[in-house]
Each structure stands twice: as structure tokens, then as C-alpha cells.
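Novice: Pasting a structure here, questions to come.
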Amino acid sequence: MSSVHNQPILELGGVDFRYFRTEPLIRDMTFSVENGEFIGLLGANGSGKSTILKLASGILKPSVGHIKLWGKELASYGNRDRAKLLCYLPQLLDINVPFKVRELAGMGLYPYDIPPEISVDEALDLVGLLDKSESYLANLSGGERQRAFIAMTLLQGAGLLLLDEPLANLDIKYQLEIHRLLKKLKDTKNISVIMALHDVNIALQFEKVMLIKDGRVLGIGRPENILNRDLMKEAFDVSIEIRKQNGGGTYLNYGDNP
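Remember, our numbering sits 23 above the position in the sequence shown when you count from 1.
Here it is in C-alpha cells:
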């Protein structure tokens, strides 16, 4: 798992990405992820969230700029070494594969000749699926399937999780369940998480939000500082802002309501 590190875990500097001679999909992308950070990557559909995660995972290579993982150029890692440090879960996961929960979780061990300290049972217990270890993925609820894939990442031992909208198409119950689980892993295992999302209400639950539009960063920081009326108008073309209640809580205000 992740350990204390005195430099950014992940660092993107001046990154552009384009396919062939098309206009850049990502423009001058510069940000870093510190140890144990829990970051929401927020933007409208088509804003570049998935592309940013694929660049950070090494699936795509930047046209310009650099990407460093634990202080080394991302491209310098072999596949197995990179898999020990970061894990990327795409938005569309194949749930029709004929695997049981235990079999899927165990696939997280593939980078290792000597298994890490955590066992399959311990990983399944952490995500609350030990009692369904012999169930097939196709027979699980949406939230349970996501937890099964998260168990696989725990066994993989990566200190950085890159998640592409893992809450999409889940009921509110399962959205909260997955968010709480990831927050627990961040707090107990010191894992860093970048999660792509487009739901502003969920973004309020993150310690840090990165707001993007058209492949460029509009702002990075605490939700109450970034999700202001001007930036939200630019990102989503709607009037939304965070308001604070007298009791200290926050809520979203839409339009020109007082």
C-alpha cells in the first residue's frame, strides 16, 4: 500500500494530448496529487475527464509535457511495476465475464511473484463482500460489483486509484456506499484517489475538487472555493453556487434564488 512520500505521487506538467493532427483534447494540464488525497475530477460530459485519467494511468501518452509517478517518468515503468503503484478502473466494466467475486479479486495479485501482505479474504472483508465470495458478478447489485472491483485493486496494492465515474448509473444508496468505502480506504490505508464525476452534489463530499472544461483546468481546491457561480457557469453553463447554512452545512443554490 501507499507509504509516506515527500514529493507528489502523481505529477502532470504542461500536458497536451491530441489524436493525430486534431485540436488538443487536453490543454496545458498541470496538477499534482499528494499522498492520501481524495480528489473529485468534475466536469460536464465530454470535458476530458476520461482522457485525463487514461493519461495518468499510462494508457495514453501525452503529445506535450511530462507525467511523473512517484518522482519517475510514468513511461519508464514496466507494466507490472506500474500496476503495483496505480490502478485504473474504466467507466464501463465487463460484468458479463463468468467470474466469481473471489476469482475477480484474486486477479489483483497478477503483478506479484510473492503475494502482498493482504489476503483475498481480507480484501473482500474490507469491502463487505466476504459472504458473497462465491457469487458470480452477474448476480450482484451495481454497488456490489463496484466493490468487487475495488477489492481487486486492494490486492493489487496500488497507492493511487484512478476511477472513471464509478458512481454512474448507481442508485443513491450505492453511490453513498462506494463513496464511504473509498473514503475509509483513504483514511485507513492512506490511499490516494482521483474520481471522475459529473454530479455537483457528490463533489461537495470531496476534500479537493478539480473543475475542468474542454480539457483544461478551471480551478483546483476545496469545493466551497472552486464551485462558485462564475466557474460553475463556465463549466456547466448553468447558474449554480454553494451556499452555507447557519449551522455550518452547505447546499447548492440553483439559478437566481435568494
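Cβ coordinates follow ideal geometry from the N, Cα and C atoms, glycine included.
Candidates 36, 171, 250 and 190: which alpha carbon is nearest residue 94's?
Specialist: On the sequence shown, residue 94 is found 71 positions in, with the first residue counted as 1. Nearest neighbour of residue 94 by Cα position, chosen from 36, 171, 250 and 190, turns out to be 36.
Novice: What is the DSSP secondary structure of residue 166, counted as helix, strand or coil?
Specialist: Counting from 1 along the sequence shown, the entry for residue 166 is found at position 143. DSSP, read as helix, strand or coil, puts residue 166 in helix.
Novice: With distance defined between alpha-carbon atoms, name the residue in 113, 256, 236 and 230 nearest to residue 245.
Specialist: Stepping through the sequence shown from its first residue, residue 245 is reached at position 222. For residue 245, the nearest C-alpha among the options comes from 230.
Novice: Sort 89, 74 and 167 by Cα distance to residue 82 and report the nearest one.
Specialist: Counted from its first residue, the sequence shown places residue 82 at position 59. The candidate whose alpha carbon is nearest that of residue 82 is 74.
Novice: Along the chain, where does the beta strand (DSSP E) containing residue 51 start, and where does it finish?
Specialist: Position 28 of the sequence shown, counted from the start, is the residue given in the question as residue 51. Here the beta strand (DSSP E) through residue 51 covers 49-56.
Novice: Based on DSSP bridge pairs, tell me the residues matched to residue 96.
Specialist: As a first step, residue 96 must be located in the sequence shown, where it is residue number 73. Beta-bridge pairing links residue 96 to 91.
Novice: Are the region 128-147 and the region 178-196 touching, with three or more C-beta to C-beta distances below 8 Å?
Specialist: yes
Novice: Whose CA, out of 48, 66 and 49, lies closest to the CA of residue 232?
Specialist: If you number the sequence shown from 1, residue 232 lands on position 209. Among 48, 66 and 49, the Cα nearest to that of residue 232 belongs to 66.
Novice: Below 8 Å, how does it come out for the region 120-129 and the region 161-172: are there three or more Cβ pairs, yes or no?
Specialist: yes
Novice: Checking the sheet assignment: what are the DSSP bridge partners for residue 175?
Specialist: Residue 175 sits at position 152 when you count from the first residue of the sequence shown. For residue 175, which the question treats as bridged, DSSP gives no partner whatsoever.
Novice: Should residue 146 go down as buried or exposed, given a rule of 16 or more other Cβ atoms within 10 Å for buried?
Specialist: Locating residue 146 in the sequence shown gives position 123, where the first residue counts as 1. Label assigned to residue 146: buried.
Novice: Taking only runs that begin and end inside the region 185-232, name each unbroken beta strand (DSSP E) of 3 or more residues, in chain order.
Specialist: Runs found: 215-220.
Novice: Taking residue 299 and residue 249 to be in contact with their CB atoms under 8 Å, please state how far apart those CB atoms are, rounded to whole angstroms.
Specialist: With the chain represented from 24 up to 281, any question about residue 299 goes unanswered, as that position is not in the structure.
Novice: How is residue 260 classed by DSSP in three states: helix, strand or coil?
Specialist: Walking along the sequence shown from the start, residue 260 turns up at place 237. Correct three-state label for residue 260: coil.
Novice: Quick check on residue 121: buried or exposed, where buried means 16 or more other Cβ atoms within 10 Å of its Cβ?
Specialist: For the purposes of this step, residue 121 is identified with residue 98 of the sequence shown, where counting begins at 1. Result: exposed.
Novice: Measuring CA to CA, which of 195, 51, 108 and 212 is closest to residue 185?
Specialist: Position 162 of the sequence shown, counted from the first residue, corresponds to residue 185. Nearest option by C-alpha distance: 108.
Novice: Using the rule of at least 16 other Cβ atoms within 10 Å of the residue's Cβ for burial, across every protein chain shown, is residue 256 buried or exposed?
Specialist: Mapped onto the sequence shown, residue 256 falls at position 233. The residue is exposed, with fewer than 16 neighbouring Cβ atoms inside 10 Å.
Novice: Tell me, which residues are paired with residue 240 by DSSP?
Specialist: Here residue 240 refers to the residue found at position 217 when the sequence shown is read from its first residue. Answer by DSSP bridge pairing, in chain order: 235.
Novice: With distances taken between CB atoms, is the gap from residue 32 to residue 215 smaller than 8 Å?
Specialist: Stepping through the sequence shown from its first residue, residue 32 is reached at position 9. Stepping through the sequence shown from its first residue, residue 215 is reached at position 192. Taking 8 Å as the Cβ cut-off, residue 32 and residue 215 qualify as a contacting pair.
Novice: What does DSSP give as the partner residues of residue 60 in its beta bridges?
Specialist: For the purposes of this step, residue 60 is taken as residue 37 along the sequence shown, with counting starting at 1. Bridge partners of residue 60: none, in fact.
Novice: Can you give me the C-alpha to C-alpha distance between residue 38 and residue 85, rounded to a whole angstrom?
Specialist: Against the sequence shown, residue 38 aligns to sequence position 15. Against the sequence shown, residue 85 aligns to sequence position 62. Each residue's Cα considered, the two are about 6 Å apart.
Novice: Is the region 52-71 touching the region 208-225 in the sense that three or more CB pairs, one from each, lie closer than 8 Å?
Specialist: yes
Novice: Measuring straight from C-alpha to C-alpha, what distance separates residue 92 and residue 34?
Specialist: Reading the sequence shown from its first residue, position 69 is the one you call residue 92. Reading the sequence shown from its first residue, position 11 is the one you call residue 34. Straight-line Cα distance between these residues: approximately 7 Å.
Novice: Who are the near neighbours of residue 208 in its chain, counting only those whose CB is closer than 7 Å to its CB and skipping five residues on each side?
Specialist: Taking the first residue of the sequence shown as position 1, residue 208 is located at position 185. So the qualifying residues of the chain are 214.
Novice: Can you check which of these residues, 200, 42 and 262, is closest to residue 50 by C-alpha distance?
Specialist: As a first step, residue 50 must be located in the sequence shown, where it is residue number 27. With distances taken between Cα atoms, residue 50 lies closest to 42.
Novice: Smallest Cα separation from residue 76: which of 46, 189, 157 and 99?
Specialist: Counting from one through the sequence shown, the residue named residue 76 turns up at place 53. Considering only alpha carbons, the answer is 189.
Novice: Would you mind stating whether residue 198 and residue 217 have Cβ atoms separated by less than 8 Å?
Specialist: The count along the sequence shown starts at 1 and reaches residue 198 at position 175. The count along the sequence shown starts at 1 and reaches residue 217 at position 194. Against a cut-off of 8 Å, the Cβ pair of residue 217 and residue 198 comes out as no contact.
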